[in-house]
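S.K.:
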Amino acid sequence: VRLDGVLKQGRYDPNRTFNFQQVDCRKNARIDVFQHIGACIVTVNPETTQLVNEVQVSSTESAYSGMRLKVNVQSKVQGLKPQRAERASVLKKKARDYLSSHGIEERLSDA
Numbered sequence: 002v003r004l005d006g007v008l009k010q011g012r013y014d015p016n017r018t019f020n021f022q023q024v025d026c027r028k029n030a031r032i033d034v035f036q037h038i039g040a041c042i043v044t045v046n047p048e049t050t051q052l053v054n055e056v057q058v059s060s061t062e063s064a065y066s067g068m069r070l071k072v073n074v075q076s077k078v079q080g081l082k083p084q085r086a087e088r089a090s091v092l093k094k095k096a097r098d099y100l101s102s103h104g105i106e107e108r109l110s111d112a
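Position one of the sequence shown corresponds to residue 2 (our numbering), numbered consecutively onward.
(1) Whole angstroms are fine: how far does the CA of residue 24 sit from the CA of residue 64?
(2) Return helix, strand or coil for residue 75, following the three-state DSSP convention.
(3) Any chance the stretch 34–42 sits against the stretch 54–61, with 3 or more Cβ pairs inside 8 Å?
(4) Please report the residue range of the alpha helix (DSSP H) in which residue 55 lies.
(5) Just reading off the alpha helix (DSSP H) that residue 110 is part of, what are its end residues?
(6) Tell me which same chain residues have a C-beta within less than 7 Å of the C-beta of residue 66, skipping the five on either side of it?
(7) Report, in whole angstroms, the separation of the C-beta atoms of residue 51 and residue 75, which I expect to be a contact under 8 Å.
(8) Could you say which of 96, 88, 73 and 110 lies nearest to residue 46 if we only look at CA atoms?
(9) In angstroms with no decimal places, state the Cα-to-Cα distance between residue 33 and residue 91.
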């Protein structure tokens, strides 16, 4: 069930209720009903720029047994590691400057 950009999902149960925040005007809710065919797991790693996996879908339906998916995973963020390392070094320098400017190390050693 989707209402105003909020999506709530669950197994079909005729007694199940979905609670949404109060709407301020008339809106339409979208209800989609799907049949679950199968599932598979794909690894997503931000450090890998591109990865193509062919995965087997495990299914309870005999008509879909042996189904395979070719999944192409691409990272849009380039150079994530250097940004993270650079940011960490800047934060460490700020922390050292703070400790030295306020004399915190000396106060702790005197305690």
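C-beta: ideal position from N, C-alpha, C; glycine also. Keep in mind that this is a model prediction, so the values were computed, not measured.
M.R.: According to the structure shown:
(1) Your numbering for residue 64 matches position 63 in the sequence shown. Your numbering for residue 24 matches position 23 in the sequence shown. Cα to Cα, the separation comes out at about 43 Å.
(2) Residue mapping note: residue 75 aligns to position 74 of the sequence shown, counting from 1. Strand, per DSSP.
(3) yes
(4) Start at 1 with the first residue of the sequence shown, and residue 55 comes out as number 54. Taken as a continuous stretch (DSSP letters only), residue 55 belongs to no alpha helix (DSSP H), being part of the beta strand (DSSP E) at 51–57.
(5) As a first step, residue 110 is located in the sequence shown; it is residue number 109 there, counting from the start. From DSSP, the alpha helix (DSSP H) with residue 110 extends over 105–111.
(6) In the sequence shown, residue 66 corresponds to position 65, counting from 1. So the qualifying residues of the chain are 60.
(7) Within the sequence shown, the letter at position 50 stands for residue 51. Within the sequence shown, the letter at position 74 stands for residue 75. Contact flag correct, Cβ pair sits at about 5 Å.
(8) By one-based count along the sequence shown, residue 46 stands at place 45. The shortest Cα separation from residue 46 among 96, 88, 73 and 110 belongs to 73.
(9) Mapped onto the sequence shown, residue 33 falls at position 32. Mapped onto the sequence shown, residue 91 falls at position 90. Whole-angstrom Cα-Cα distance: 48 Å.
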